[in-house]
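With the working numbering, letter number 68 in the sequence shown gets 110, and the count goes up by one each step, no holes. The C-beta atom is built at its ideal place from N, Cα and C for all residues, glycine as well. Written out below as structure tokens is the structure these notes cover.
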Amino acid sequence: MEWLRAAACVGEDPELFFPVSTTGPALREAAEAKHVCARCPVSFECLSYALATAQTSGVWGGTGEEERTELLRTAGYDATRRSLGRTGPGRTGSLPTSGVGWAADG
43 MEWLRAAACV GEDPELFFPV STTGPALREA AEAKHVCARC PVSFECLSYA LATAQTSGVW
103 GGTGEEERTE LLRTAGYDAT RRSLGRTGPG RTGSLPTSGV GWAADG
């Protein structure tokens, strides 16, 4: 995790990135954390790490818990489709990718 040294969140309050709820002040904290991520030079690496290690809490790479869950769900679906080599029921061939699985591959 050499990339962590260059992260914009270094020196920030870690609690900012791990709000305790999904309502009220926690929404503001998550937005502030995402603002830090927006200026981070290693947000791609951070998100890749979070997806590869299934981080289920906090803000990672500019994404919240629900956003990463959706990315993982969609990436898993796309990976299954690619492994089957199907574009539709009973048809084989190349599949278009949604671009969601990119982070876990890096």
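Around the Cβ of residue i, are there at least 16 other Cβ atoms within 10 angstroms (buried) or fewer (exposed)?
i	result
L154	Nothing can be reported for residue 154, as the shown portion of the chain is limited to 43 through 148.
T111	exposed
M43	exposed
E108	exposed
S99	exposed
C79	buried
E54	exposed
V7	Because the chain in this structure spans residues 43 to 148, residue 7 falls outside the shown range and cannot be described.
L93	buried
The alpha helix (DSSP H) spanning residue i covers which residue range?
i	result
A49	Looking at the DSSP string, A49 is not in any alpha helix (DSSP H), and its letter there is neither H nor E.
C88	S85 to A94
E71	P67 to A80
Give a yes or no on whether the C-beta atoms belonging to residue i and residue j are separated by under 8 Å.
i	j	result
G104	L89	yes
V101	A75	yes
C82	A117	no
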